[in-house]
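Peer 1: Going by full-length UniProt numbering, the sequence shown opens with residue 1, and the numbers climb by one from there. In this text, a Cβ means the ideal position worked out from N, Cα and C, and glycines have one as well. One structure follows; several queries about it will come next.
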Amino acid sequence: MSRWDGLLSKPDEKIIILAATNMPFDLDEAVIRRFQRRIMVGLPSAENRETILKTLIAKDKHEDLDFKELSTMTELRIQWK
Numbered sequence: 001m002s003r004w005d006g007l008l009s010k011p012d013e014k015i016i017i018l019a020a021t022n023m024p025f026d027l028d029e030a031v032i033r034r035f036q037r038r039i040m041v042g043l044p045s046a047e048n049r050e051t052i053l054k055t056l057i058a059k060d061k062h063e064d065l066d067f068k069e070l071s072t073m074t075e076l077r078i079q080w081k
């Protein structure tokens with residue numbers, strides 16, 4: 001992280017650093033200060049989880065899967081530590 005302070009770019013170029021965590025309130029303040037912007041993203045809805053599951057499993061043939069039921073089941077598996 002200390003190397004971020006010295007990142008240089010050409011005048012017509014920008015450097016973008018994107019980070020993600022599932023424990024945003026456990027981040028050290030030194031890490032948080034290095035980011036200009038923080039965006040909190042909520043948990044996906046059942047419909048969005050269904051789309052995510054379909055996308056992740058798209059290459060495999062699983063015609064017998066009920067994605068709607070599967071997305072409902074995953075709601076019970078989402079938890080914050």
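1. Could you check which residue in Ile39, Leu53, Glu13, Arg49 has the C-alpha nearest to that of Phe25?
2. How many Å lie between Ala46 and Ile17 at the Cα?
3. Please decide whether Asp64 counts as near chain C, where near means a Cβ-Cβ distance under 8 angstroms.
4. Do Phe67 and Leu56 have their C-beta atoms closer together than 8 angstroms?
5. Would you mind working out which of His62, Asn48, Lys61 sits nearest Thr72, comparing C-alpha positions?
Peer 2: Put simply:
1. Ile39
2. 30 angstroms
3. Of the protein chains in the structure, only one exists, and it is not chain C.
4. no
5. Asn48
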